[in-house]
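Enquirer: Here it is, the structure in full.
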Amino acid sequence: MSSSIEGPVAGSQRRRGCVVSATEGWKGAVKEEGTKLTTSITAPTVEAALKEIPEAAAAGADIIELRLDLYADFKPQEHLATLIQACQDQAKVPCIVTYRPVWEGGKYDGGEAQRLGALRYAAVLGARYVDVEFKAATVFFAAPGMVPETTAIIVSSHNYEATPGAAELVELANAMWDAGADIVKIATTATDVADCRNLFALLAARRGPTVALAMGERGVMTRILSGKYGGYLTFGAMGAGRESAPGQPTIGELRNMYRLASMGPKTKVYGVIGNPVAQSKSPAIHNAAFAQLGTDAVYVPLLVDDMERFLEAYDDPDFAGFSVTIPHKGAALAGADHVDPVAQEIGAVNTLVRSADSGELTGYNTDWEAAIGAIEEALRGKDGSGAPKPLTGKTVVVIGAGGAGRGLVFGALERGAAEVVVCNRSIERAEQLAAEVGERCRAATLADLAGGQVTGDVLANTTSVGMVPEVDASPVPAEVAGSFAVVFDAVYNPLETKLLREAVAGGAAPASGVDMFVGQAARQFELFTGVKEAPRQLMKDVVLGSLDPAKR
């Protein structure tokens with residue numbers, strides 16, 4: 043969106059030391075010209091902050107926030123001019139000056155007069171933006187002396203406990219405009235991913251430049267989709283572990299992977315639904331594929347607790363499709379309006395695609411073909427036969443009775459396996475799956491497998507055991523892993539899991555979860571976009587490139 047917003051549009055406000063009528067407006071108009079990528083300098087000292095400023099500019103920040111309250115040795119008269127000049131004159135990036143008090147989640151615990159005086163001094167020194175908490179706005183604007191029109195006042199509010207409803211957020215924003223804001227910033231805490239829709243509604247109803255963000259992992263979507271919904275700015279960390287608030291992606295991720303600058307109102311939203319979901323490489327590969335094809339779409343991580351609530355909250359044509367992972371594949375089956383026959387037979391859905399015409403969701407399962415394909419390639423390499431159906435007559439042992447396990451059981455039998463044994467921590471779930479499948483499938487416990495009572499040709503782990511960060515875990519002892527001809531692990535991060543490493547040491551051929559992951563994702567991409575062939579090699583290269591080399 044690129045409209046010029048000239049100050050508040052209703053009532054009269056105390057601003058810049060005087061009352062300005064709504065019809066008069068503020069002549070130093072704050073223009074909405076695409077969402078600005080902002081990063082906070084969270085260094086512990088002024089000296090360290092001065093070193094980070096050029097780093098932030100080089101990383102691609104459009105705006106730099108100076109968090110004065112975090113610099114232990116900060117003195118306004120001594121340091122403020124130097125900090126602002128380092129941003130705006132040397133790094134050539136405008137800055138927001140923020141001096142957050144303890145009562146608003148910051149570190150400053152001194153007097154209010156001194157704090158607000160420092161903010162007014164920052165404006166006099168030429169800071170492009172000054173952040174004033176809503177609770178302090180009346181006192182700030184009532185103070186004598188004019189604030190230069192070259193400085194935009196961000197009036198901010200932070201809720202560290204919850205996200206109010208959309209109507210309450212709009213009411214709060216209106217009060218902030220009436221207090222004298224040039225830009226309104228509202229940050230809440232997402233206790234459920236459905237809370238994000240309230241921030242999107244706030245942006246849709248905005249009277250002027252607005253920042254609307256939800257903190258925490260369940261609110262990540264608001265930070266990424268600010269570009270779609272017209273947020274004035276969004277925050278990105280300079281690197282992992284350097285976040286100024288929970289849930290911030292990095293500058294590089296927002297600029298490069300999510301392509302923040304190219305988003306607009308027509309951008310379609312896709313995402314991966316799971317819990318946990320932070321370790322997923324799906325956003326990296328799908329966004330890379332969208333970029334290569336020039337598709338106006340973005341793919342985001344979605345930490346979902348309640349699948350039914352999520353689908354109800356985002357029953358929206360702009361939310362065009364989802365990948366579904368642990369533990370929601372069964373709930374996705376129940377939530378789909380239509381289900382592909384194969385997915386129905388498997389009893390699990392890992393892909394939801396929304397019809398552009400009806401808005402209804404169709405569920406698919408792309409896991410099984412990808413997993414079976416990886417196993418068959420490993421079998422062919424092991425015996426050198428080149429058989430079209432190398433699983434014929436084989437016994438396949440599957441660890442896990444969840445959605446991925448169900449898909450693999452179905453696929454193994456479909457491709458000719460003589461028998462499938464389902465091993466699960468809970469024997470009841472394994473028995474239930476075996477009963478559903480029929481006579482060529484039986485159940486066992488993980489203890490049976492570990493004790494050598496279960497044997498076979500192929501071992502397939504479909505659980506998350508061994509995934510980052512639990513890289514030293516394996517679902518079976520080393521001697522069990524090495525007793526199979528082929529061992530498949532659905533875990534792809536790390537690339538070489540402990541299970542695969544011990545299997546190879548025992549003489550087994552490995553089947554990597556990367557091949558399954560790329561295969562199922564490529565098919566999802568084809569279902570999402572309608573293209574005949576996804577860029578599979580690109581997707582695989584992205585996955586391999588994104589894995590921590592130390593954990594490959």
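Start counting the sequence shown at 43; every next residue gets the next number (the numbering used here). By construction, the Cβ of each residue, glycine as well, lies at the ideal position given by its N, Cα and C atoms.
Rounded to the nearest angstrom, what separates residue 157 and residue 165 at their Cα positions?
Expert: The sequence position of residue 157 within the sequence shown is 115, counting from 1. The sequence position of residue 165 within the sequence shown is 123, counting from 1. Taking the straight line joining both Cα atoms gives about 13 Å.
Enquirer: Looking at the unbroken beta strand (DSSP E) that takes in residue 483, where does it start and where does it end?
Expert: Locating residue 483 in the sequence shown gives position 441, where the first residue counts as 1. 483-487 is the extent of the beta strand (DSSP E) around residue 483.
Enquirer: Three or more C-beta pairs closer than 8 Å, one from the stretch 269-281 and one from the stretch 320-336: is that the case here?
Expert: Contact between the stretch 269-281 and the stretch 320-336 is absent, because fewer than three Cβ pairs lie under 8 Å.
Enquirer: Can you tell me whether DSSP reads residue 66 as helix, strand or coil?
Expert: Residue numbering aside, residue 66 sits at position 24 when the sequence shown is read from its first letter. Since pLDDT at residue 66 reaches only 32, below the 50 mark, its modelled position is unreliable, and the value read off the structure follows with that caveat. Three-state result, residue 66: coil.
Enquirer: Let me check understanding here. Comparing Cα to Cα, which of 285, 387, 272 and 324 lies closest to residue 302?
Expert: As a first step, residue 302 must be located in the sequence shown, where it is residue number 260. Residue 302 has its Cα closest to that of 272, out of 285, 387, 272 and 324.
Enquirer: Enumerate, from N- to C-terminal direction, the unbroken alpha helix (DSSP H) stretches of 4 or more residues contained entirely within the stretch 128-187.
Expert: 154-166 and 176-184, all fully within the stretch 128-187.
Enquirer: Determine the contact status of residue 257 and residue 291, defining contact as a CB-CB distance below 7 Å.
Expert: Residue mapping note: residue 257 aligns to position 215 of the sequence shown, counting from 1. Residue mapping note: residue 291 aligns to position 249 of the sequence shown, counting from 1. No.
Enquirer: What do you get for residue 410, buried or exposed, if any count of 16 or more other CB atoms within 10 angstroms of its CB means buried?
Expert: As a first step, residue 410 is located in the sequence shown; it is residue number 368 there, counting from the start. Result: buried.
Enquirer: Touch check for the stretch 358-376 and the stretch 396-410: three-plus C-beta pairs under 8 Å?
Expert: They touch, by the three-pair rule.
Enquirer: Check whether the Cβ atoms of residue 227 and residue 198 lie closer than 7 Å to each other.
Expert: Taking the first residue of the sequence shown as position 1, residue 227 is located at position 185. Taking the first residue of the sequence shown as position 1, residue 198 is located at position 156. Against a cut-off of 7 Å, the Cβ pair of residue 198 and residue 227 comes out as a contact.
Enquirer: If contacts are defined as beta-carbon pairs under 8 Å, then residue 92 and residue 128 qualify, I think. What distance do you get, rounded to the angstrom?
Expert: Reading the sequence shown from its first residue, position 50 is the one you call residue 92. Reading the sequence shown from its first residue, position 86 is the one you call residue 128. Rounded, the Cβ-Cβ distance is 5 Å, consistent with contact.
Enquirer: Along the chain, where does the beta strand (DSSP E) containing residue 265 start, and where does it finish?
Expert: Taking the sequence shown and counting its residues from 1, the one referred to as residue 265 is at position 223. From DSSP, residue 265 is part of no beta strand (DSSP E) but of the alpha helix (DSSP H) over 262-266.
Enquirer: Could you check which residue in 506, 489 and 395 has the C-alpha nearest to that of residue 446?
Expert: Position 404 of the sequence shown, counted from the start, is the residue given in the question as residue 446. Looking at the Cα atoms, 506 is the closest of the given residues.
Enquirer: Taking the CB atoms as reference points, tell me whether residue 80 and residue 120 lie closer together than 7 Å.
Expert: Along the sequence shown, read from residue 1 onward, the residue named residue 80 stands at position 38. Along the sequence shown, read from residue 1 onward, the residue named residue 120 stands at position 78. No, they are not a contact pair.
Enquirer: For residue 141, tell me which candidate among 89, 571 and 82 has the shortest Cα-Cα distance.
Expert: Here residue 141 refers to the residue found at position 99 when the sequence shown is read from its first residue. Ranking 89, 571 and 82 by Cα distance to residue 141 puts 82 first.
Enquirer: Tell me where the alpha helix (DSSP H) around residue 461 begins and ends.
Expert: Counted from its first residue, the sequence shown places residue 461 at position 419. Premise fails: residue 461 lies in the beta strand (DSSP E), 461-466, not in any alpha helix (DSSP H).
Enquirer: Please classify residue 397: is it buried, with 16 or more other beta-carbons within 10 angstroms of its beta-carbon, or exposed?
Expert: Position 355 of the sequence shown, counted from the first residue, corresponds to residue 397. Exposed, since its Cβ has fewer than 16 Cβ neighbours within 10 Å.
Enquirer: Which of helix, strand or coil does DSSP assign to residue 317?
Expert: By 1-based counting over the sequence shown, the position of residue 317 is 275. Coil.
Enquirer: Just to confirm before moving on: does the CB-CB distance between residue 540 and residue 508 stay below 7 Å?
Expert: Residue numbering aside, residue 540 sits at position 498 when the sequence shown is read from its first letter. Residue numbering aside, residue 508 sits at position 466 when the sequence shown is read from its first letter. Contact flag set, yes.
Enquirer: Going by alpha carbons, who is nearest to residue 168 out of 530, 135, 566 and 154?
Expert: If you number the sequence shown from 1, residue 168 lands on position 126. Considering only alpha carbons, the answer is 135.
Enquirer: Measure the C-alpha to C-alpha separation of residue 568 and residue 362 and round it to an integer number of angstroms.
Expert: In the sequence shown, residue 568 corresponds to position 526, counting from 1. In the sequence shown, residue 362 corresponds to position 320, counting from 1. Answer to the nearest angstrom: the Cα atoms are 13 Å apart.
Enquirer: Taking residue 84 and residue 284 to be in contact with their CB atoms under 8 Å, please state how far apart those CB atoms are, rounded to whole angstroms.
Expert: Taking the first residue of the sequence shown as position 1, residue 84 is located at position 42. Taking the first residue of the sequence shown as position 1, residue 284 is located at position 242. Indeed, because the Cβ distance is near 7 Å, the residues count as touching under 8 Å.
Enquirer: Helix, strand or coil for residue 436 per DSSP?
Expert: Within the sequence shown, numbered from 1, the residue matching residue 436 stands at position 394. Reduced to three states, the DSSP call for residue 436 is coil.
Enquirer: Determine whether the beta carbon atoms of residue 173 and residue 225 lie at a separation below 7 Å.
Expert: Your numbering for residue 173 matches position 131 in the sequence shown. Your numbering for residue 225 matches position 183 in the sequence shown. No, these two residues do not count as a Cβ contact at 7 Å.
Enquirer: If you run the structure through DSSP and keep just helix, strand and coil, what is residue 308?
Expert: On the sequence shown, residue 308 is found 266 positions in, with the first residue counted as 1. Coil at residue 308, not helix or strand.
Enquirer: Candidates 471, 182, 270 and 133: which alpha carbon is nearest residue 102's?
Expert: Position 60 of the sequence shown, counted from the start, is the residue given in the question as residue 102. When only C-alpha atoms are compared, the closest one is 133.
Enquirer: Using only alpha-carbon positions, find the residue among 217, 545 and 235 that is nearest to residue 248.
Expert: Here the question's residue 248 lines up with position 206 in the sequence shown. Nearest of 217, 545 and 235 to residue 248, Cα basis: 217.
Enquirer: Just checking my contact of residue 465 with residue 476 at CB under 8 Å: how many whole Å lie between their CB atoms?
Expert: On the sequence shown, position 423 is the one that residue 465 refers to. On the sequence shown, position 434 is the one that residue 476 refers to. Not confirmed; about 11 Å, so no contact.
Enquirer: Would you check if the distance between the CB atom of residue 520 and the CB atom of residue 529 is smaller than 7 Å?
Expert: In the sequence shown, residue 520 corresponds to position 478, counting from 1. In the sequence shown, residue 529 corresponds to position 487, counting from 1. No. Outside cutoff.
Enquirer: Inspect the CB distances between the stretch 337-357 and the stretch 307-314 and report whether three or more fall short of 8 Å.
Expert: The stretch 337-357, when compared against the stretch 307-314, does touch it at the 8 Å Cβ threshold.
Enquirer: Among residues of its own chain, excluding the 5 on either side of residue 347, which ones have a beta-carbon nearer than 7 Å to its beta-carbon?
Expert: What you label residue 347 is simply residue 305 of the sequence shown in a count that begins at 1. 234 and 317, listed in sequence order.
Enquirer: Less than 7 Å between the beta carbons of residue 441 and residue 500, yes or no?
Expert: The count along the sequence shown starts at 1 and reaches residue 441 at position 399. The count along the sequence shown starts at 1 and reaches residue 500 at position 458. In this structure, residue 500 does not lie closer than 7 Å to residue 441 by Cβ.
Enquirer: Just to confirm my understanding: we take residue 203, look at its own chain, exclude 5 residues before and 5 after, and list those with CB closer than 7 Å. What are they?
Expert: Looking up residue 203 in the sequence shown gives position 161. So the list reads 231, once near-sequence residues are dropped.
Enquirer: What residues in its chain sit with their C-beta under 7 Å from that of residue 576, if we drop five residues either side in the sequence?
Expert: Along the sequence shown, read from residue 1 onward, the residue named residue 576 stands at position 534. Taken in chain order, the residues that qualify are 331, 564, 567 and 568.
Enquirer: Consult DSSP for residue 397 and reduce its assignment to one of helix, strand or coil.
Expert: Locating residue 397 in the sequence shown gives position 355, where the first residue counts as 1. Coil at residue 397, not helix or strand.
Enquirer: Where do the N-terminal and C-terminal ends of the beta strand (DSSP E) with residue 227 fall, by residue?
Expert: If you number the sequence shown from 1, residue 227 lands on position 185. Unbroken beta strand (DSSP E) run through residue 227: 225-231.
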